[in-house]
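If you read the sequence shown in UniProt numbering, its first letter stands for residue 1, the second for the next number, and so on.
Every residue, glycine too, gets a C-beta built ideally from N, C-alpha and C.
Read through the structure below, which is laid out as structure tokens, and then see the notes.
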Amino acid sequence: MQSLNTTLLIIGGGPGGYVTAIRAGQLGIPTILVEGQSLGGTCLNIGCIPSKALIHVAEQFHQTQHHSQHSTLGISVAAPTLDITKSVEWKDGIVDRLTTGVAALLKKNKVQVINGWAKVIDGKTVDVGDTRIQCEHLVLATGSTSVNLPILPIGGPIISSTEALAPKSVPKRLVVVGGGYIGLELGIAYRKLGAEVSVVEAQDRILPAYDAELTQPVHDALKQLGVKLYLKHSVLGFDGTLQVRDHEGETLNLETDQVLVAVGRKPNTQGWNLEALNLDMNGSAIKIDSRCQTSMRNVYAIGDLSGEPMLAHRAMAQGEMVAELISGKTREFNPTAVAAVCFTDPELVVVGKTPDEAKAAGLDCIVSSFPFAANGRAMTLESKSGFVRVVARRDNHVIVGWQAVGVGVSELSTAFAQSLEMGARLEDIGGTIHAHPTLGEAVQEAALRALGHALHL
1 MQSLNTTLLI
11 IGGGPGGYVT
21 AIRAGQLGIP
31 TILVEGQSLG
41 GTCLNIGCIP
51 SKALIHVAEQ
61 FHQTQHHSQH
71 STLGISVAAP
81 TLDITKSVEW
91 KDGIVDRLTT
101 GVAALLKKNK
111 VQVINGWAKV
121 IDGKTVDVGD
131 TRIQCEHLVL
141 ATGSTSVNLP
151 ILPIGGPIIS
161 STEALAPKSV
171 PKRLVVVGGG
181 YIGLELGIAY
191 RKLGAEVSVV
201 EAQDRILPAY
211 DAELTQPVHD
221 ALKQLGVKLY
231 LKHSVLGFDG
241 TLQVRDHEGE
251 TLNLETDQVL
261 VAVGRKPNTQ
271 GWNLEALNLD
281 MNGSAIKIDS
291 RCQTSMRNVY
301 AIGDLSGEPM
311 LAHRAMAQGE
321 MVAELISGKT
331 REFNPTAVAA
341 VCFTDPELVV
351 VGKTPDEAKA
361 AGLDCIVSSF
371 PFAANGRAMT
381 LESKSGFVRV
391 VARRDNHVIV
401 GWQAVGVGVS
411 ELSTAFAQSL
421 EMGARLEDIG
431 GTIHAHPTLG
441 EAVQEAALRA
451 LGHALHL
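Structural data, given as structure tokens:
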């Protein structure tokens, strides 16, 4: 068996793992990264990036169809056709460029990449095939996997998000099981691509992790698109049709060509002998402290493996910090807020505390919203639904949360997070000159309205 020695060994080449490796390389730490599949992990290959590419294709096709029928913009075009094979090739090209870029960055920073499946022996020893690697520091960054339903095993007409992002054709009918962000992002995309889409959700509303006021514009848009919603319905099984039961016990048979199972994700703890470390767990995730250290000295866990929120940008930030800790710097992972973005139509952003969370924390807060119906830029984008909402302490006006729903609001997430990290007050945002015409003006107007003097409402 071949033997290798290194200061830092990272298992997993997703956003958390490869950022850890790049930063460690920059700091001069001898580093080995082990990845069994493609660099970039779920995010770059079968998650964040390809899903946004497919969403873009769907939106462009949908808009072209709209212009071929009854455009208010004065645009007339012939009815479009879709070559989904070319769409997938375009999406795959983006993925390839990004993963190739990650490989180049790792090479540039002298990180040794080993393609293979890791098997943990102990906290300082990992086997990859016939190679044994000894390390001083071990970072676990194996990410997460889709939650499967035993009554809906993946295969044939039953697909996961992985298969949904590489379609060979667009089904005539699609039922999405799960009304969370993954199910709705893909469900909306498939509806815009021409499929008849239904969504089955066990809770009484879509996107149950978000508050009802924030999700209402998405609910309205789904109706307008013709997406059928089966709320408070549970799945019984599939035998050519999907059997579901409503809250009163009545059974329905939903005719469909494909069933997309999108009921969440779970930490990827299986298949690489994690149990050999006997680490403390937090439910299904590895328990970590504020420095991403596990219960074993010099063993770290980052990203989805360490639990919620399962977000690529959280994993990246944790990875950067861990590399700096190993180099001897003093760091702690204690962000004021981590933005959560849902790329539905319209988009959703939540940063910091919602009104309900602020109340639960015992904070007396001002809550103020500004509608995009009063925003000029939103009107020019043919989108007047949605709003920006700010949550701020009543006593000192320090902002504790932002939420938004509307066209393109994902791009406001950075400004929201930055204002919280900097401890901004309502007066700081209200007194900042915001460019006109932009969606960002709604951010300033929400702050001004909280202060009692919105200018355009």
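Open item on the list: Using CA atoms only, rank isn't needed, just tell me which of E89, L8 and G36 is closest to R23.
Closed with: L8
- [ ] Using a threshold of 9 Å, state whether the C-beta atoms of L33 and G13 are closer than that.
- [x] Yes, the pair counts as a contact, with Cβ atoms nearer than the cut-off.
Task: Cut-off 8 Å between Cβ atoms - residues of its own chain near G36, not counting five sequence neighbours on either side - done: N115, G116, W117 and A118
- [ ] Write down the C-beta distance between V388 and A442 rounded to the nearest angstrom, noting that I regard them as a contact closer than 8 Å.
- [x] Taking C-beta atoms under 8 Å as the contact rule, V388 and A442 qualify, at a distance of about 4 Å.
Task: Given H233 as reference, the closest of Q26, P167, A21 and A202 once Cα atoms are compared - done: Distance check between H233 and each of Q26, P167, A21 and A202 places A202 closest, using alpha-carbon atoms only.
Open item on the list: With the cut-off set at 9 Å, would you say L140 and Y18 are in Cβ contact?
Closed with: no
Task: P371 - DSSP class collapsed to helix/strand/coil - done: strand
- [ ] Report the residue ranges of all beta strand (DSSP E) runs contained in full by the region 115–189; include only those spanning at least 3 residues, in chain order.
- [x] 118–122, 125–128, 131–140, 144–146 and 173–177
Open item on the list: Checking the sheet assignment: what are the DSSP bridge partners for C48?
Closed with: In the DSSP output, where bridge partners are listed per residue, C48 has none listed.
TODO: Could you spell out the range, first to last residue, of the alpha helix (DSSP H) harbouring residue 458?
DONE: Past the edges of the chain, shown from 1 to 457, lies residue 458, and the structure says nothing about it.
TODO: Please name the residue in V261, A447, L455 and N45 whose C-alpha comes closest to that of V199.
DONE: Out of V261, A447, L455 and N45, V261 has the C-alpha closest to the C-alpha of V199.
- [ ] Spatial neighbours of F333 within its chain, please: CB distance less than 8 Å, with the 5 preceding and 5 following residues excluded, ordered by chain position.
- [x] S290, R291, C292, A317, Q318 and M321
- [ ] Locate the alpha helix (DSSP H) running through L420, then write down its first and last residues.
- [x] S413 to E421
Task: Anticipated Cβ contact below 8 Å, G123 with N298, distance rounded - done: 7 Å
Task: Alpha-carbon spacing of V235 relative to L149, whole angstroms - done: Here the alpha carbons of L149 and V235 stand approximately 10 Å from one another.
Task: Residue range of the unbroken alpha helix (DSSP H) whose run includes S87 - done: I84 to K108
TODO: Kindly indicate which residue of P346, Q112 and R132 has the alpha-carbon position closest to the one of V120.
DONE: R132
TODO: Find the nearest neighbour of K228 within the set S3, I288, A53 and G179, judged by alpha-carbon distance.
DONE: G179
- [ ] Please name the residue, chosen from G249, T344 and G74, that lies closest to G183 on a Cα-to-Cα basis.
- [x] Nearest C-alpha to G183 among G249, T344 and G74: T344.
- [ ] Report buried or exposed for L421, applying the criterion of at least 16 other Cβ atoms within 10 angstroms of its Cβ.
- [x] Rather than Leu, the amino acid found at residue 421 in this sequence is Glu. Exposed: under 16 other Cβ atoms inside 10 Å.
Open item on the list: Taking a contact to mean a Cβ-Cβ separation below 9 Å, would you say Q258 touches L174 in this structure?
Closed with: Yes, these two residues count as a Cβ contact at 9 Å.
Task: the region 363–371 contacting the region 387–401, beta-carbon criterion three pairs below 8 Å - done: yes
Open item on the list: Distance check for S306 and L273, CA to CA, integer angstroms please.
Closed with: For the record, residue 273 in the displayed sequence is Asn; it is not Leu. Cα to Cα, the separation comes out at about 16 Å.
TODO: Measure the C-alpha to C-alpha separation of V113 and A103 and round it to an integer number of angstroms.
DONE: 8 Å
TODO: Please classify R314: is it buried, with 16 or more other beta-carbons within 10 angstroms of its beta-carbon, or exposed?
DONE: For R314, the number of other beta carbons within 10 angstroms of its own is at least 16, and it is reported as buried.
- [ ] Assign L138 to buried or exposed, taking buried as 16 or more other Cβ atoms, counted over all protein chains shown, within 10 Å of its Cβ.
- [x] buried
- [ ] Please determine, among L277, M296 and K266, the residue with the shortest C-alpha to C-alpha distance to G283.
- [x] K266
Task: Y181 versus N45 - alpha carbon distance - done: 18 Å
Open item on the list: Helix, strand or coil for F387? Go by DSSP, reduced to three states.
Closed with: If DSSP states are grouped into helix, strand and coil, F387 belongs with the strands.
Open item on the list: Out of H453, L4, G328 and H456, which one is the CA nearest neighbour of V126?
Closed with: L4
Task: Same chain, Cβ closer than 8 Å to L277, five either side skipped, listed in chain order - done: V120, D122, G123, T294, M296 and V299
Task: Range of the contiguous alpha helix (DSSP H) that encloses T380 - done: G376 to T380
Task: Neighbour-count burial assignment, H247, 16 or more Cβ in a 10 Å radius - done: exposed
Open item on the list: Starting from R314, trace the alpha helix (DSSP H) in both directions and tell me its first and last residue.
Closed with: That run of the alpha helix (DSSP H) goes A312 to I326.
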